[in-house]
Amino acid sequence: MMDVKDICVFGDSITKGVVLHPITCHYEIIKTNIGQFLGLNKTRIQNYSMFGCTVSKALSLVQKRSNELRNYQHVFLELGGNDCNFVWGEIAEDPGKEHLPKTPLVKFKELYRQVVSEIRSNGSNPIILTLPPLEPNRFFTWVSKGINGDNILNWLGDVDMIYRWQEMYNIEVMKLAATMDVPMIDIRSAFLTKNHYQDLICADGIHPTNEGYNLIYQTISEQYPNQTAVTV
């Protein structure tokens, strides 16, 4: 078992453990003892993840908690899934207009670098998680409910553009980890190596199922020991 001090997490609904119930279609928090799953029974995991969290919100939270960061051996970061998203209702109403994501890519890179620097300057070690892949067809169906899906599709060009757009943000996450020498846990590849990764994604096309979360935690448990050897 690893001898690891406390861990802190900043991220979105995925690191919070949000899952879409297959029958009620309501969002729930999975009941999983993450520390036990990772073999870290004596480690306190402080999770500041928030539903809808963007990199700017994460930076604000990190700055708010700056005085306590030195108490954590590592700070996990999982950001980008909300930043690359659009206001789909506005696109449905006027697809001919210019529409920007919640955080444009240049701003996303700039703010993510600030998050990493803030954590380091306050005495802790960031670890970046890549983004789990979305399932574009389900995601399109989900976000176009009750609005003009044809307009959204015309604006996108094709449904797979949703996947490619999110992938572009994930590439920037990986590049940032490399250029800033931040240890990385590759969640995305763990999904994509599965022949039917779609089975691990909920009906909304974005949140993992319970089995998907098990894969995430398994991947962290396999890759995290290597990262502690690097940063401790």
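3 is the number that the working numbering gives to position 1 of the sequence shown; each next residue is one higher, with no gaps.
Quick reminder that beta carbons are idealized off the backbone N, C-alpha and C, glycines included.
When you compare only the Cα positions, how much space is there between residue i and residue j?
{"i": "valine 260", "j": "glutamate 169", "result": "Beyond the ends of the chain as shown, which are 3 and 234, falls residue 260; an answer cannot be given."}
{"i": "aspartate 152", "j": "glutamate 174", "result": "30 Å"}
{"i": "glutamate 100", "j": "histidine 76", "result": "40 Å"}
{"i": "glutamate 70", "j": "lysine 109", "result": "26 Å"}
{"i": "aspartate 5", "j": "threonine 17", "result": "With a pLDDT of 46 at aspartate 5, under the threshold of 50, the predicted position of this residue should be treated as unreliable, though the coordinate-derived value follows. So the two alpha carbons sit approximately 22 Å from each other."}
{"i": "glycine 54", "j": "proline 97", "result": "24 Å"}
{"i": "arginine 122", "j": "valine 11", "result": "14 Å"}
{"i": "glutamine 116", "j": "methionine 52", "result": "19 Å"}
{"i": "lysine 59", "j": "lysine 111", "result": "14 Å"}
{"i": "asparagine 156", "j": "tryptophan 167", "result": "15 Å"}
{"i": "leucine 107", "j": "tyrosine 171", "result": "7 Å"}
Between residue i and the rest of its own chain, which residues show a CB-CB distance below 6 Å, the 5 nearest in sequence each way excluded?
{"i": "proline 138", "result": "Val161, Asp162, Ile164, Tyr165"}
{"i": "aspartate 188", "result": "Thr132"}
{"i": "methionine 176", "result": "none"}
{"i": "serine 146", "result": "Ile154"}
{"i": "valine 234", "result": "Here the model assigns valine 234 a pLDDT of 39, short of 50, so the residue's position is not dependable and the matter cannot be decided."}
{"i": "glycine 159", "result": "none"}
With DSSP as the reference, identify every bridge partner of residue i, one or two as the case may be.
{"i": "isoleucine 187", "result": "Leu131"}
{"i": "valine 11", "result": "Asn49, Phe78"}
{"i": "tyrosine 171", "result": "Beta-bridge pairing links tyrosine 171 to no other residue."}
{"i": "valine 20", "result": "Ile31"}
{"i": "proline 97", "result": "In DSSP, proline 97 forms no bridge with anything."}
{"i": "isoleucine 25", "result": "Answer by DSSP bridge pairing: none, since isoleucine 25 is not bridged."}
{"i": "proline 210", "result": "Ile203"}
If I measure Cβ to Cβ from residue i and keep anything under 7 Å in the same chain, skipping five residues before and after, which residues do I get?
{"i": "leucine 202", "result": "Phe193, Lys196, Pro210, Thr211, Glu213, Gly214, Leu217"}
{"i": "asparagine 150", "result": "Ala94"}
{"i": "asparagine 124", "result": "Ser68, Leu71, Arg72"}
Alpha carbons only, please: which of the options is nearest the one belonging to residue i?
{"i": "threonine 105", "options": "Asn69, Gly54, Asn87", "result": "Asn87"}
{"i": "arginine 19", "options": "Cys10, Ile31, Thr181", "result": "Before going on, a small fix: residue 19 reads as glycine here, not arginine. It is Ile31."}
{"i": "leucine 79", "options": "Tyr50, Lys66, Pro97", "result": "Tyr50"}
{"i": "proline 128", "options": "Leu158, Gly159, Asn172, Ala179", "result": "Ala179"}
{"i": "methionine 186", "options": "Gly159, Glu224, Leu158", "result": "Glu224"}
Can the beta-carbon of residue i be found less than 9 Å from the beta-carbon of residue j?
{"i": "tyrosine 199", "j": "serine 126", "result": "no"}
{"i": "phenylalanine 142", "j": "glycine 83", "result": "no"}
{"i": "threonine 56", "j": "aspartate 85", "result": "yes"}
{"i": "leucine 1", "j": "leucine 61", "result": "Here the chain comprises residues numbered 3 to 234, so residue 1 is not present and cannot be evaluated."}
{"i": "arginine 190", "j": "proline 135", "result": "yes"}
{"i": "isoleucine 222", "j": "valine 184", "result": "no"}
{"i": "aspartate 8", "j": "leucine 81", "result": "no"}
{"i": "glutamate 120", "j": "glutamine 48", "result": "no"}
For residue i, which residues from the same chain have a beta carbon less than 8 Å from its beta carbon, with the 5 sequence-adjacent residues on both sides left out?
{"i": "valine 21", "result": "Tyr29, Glu30, Ile31, Ile32, Cys204, His209, Pro210, Thr211, Asn212, Tyr215"}
{"i": "tryptophan 90", "result": "Val145, Ser146, Ile149, Ile154"}
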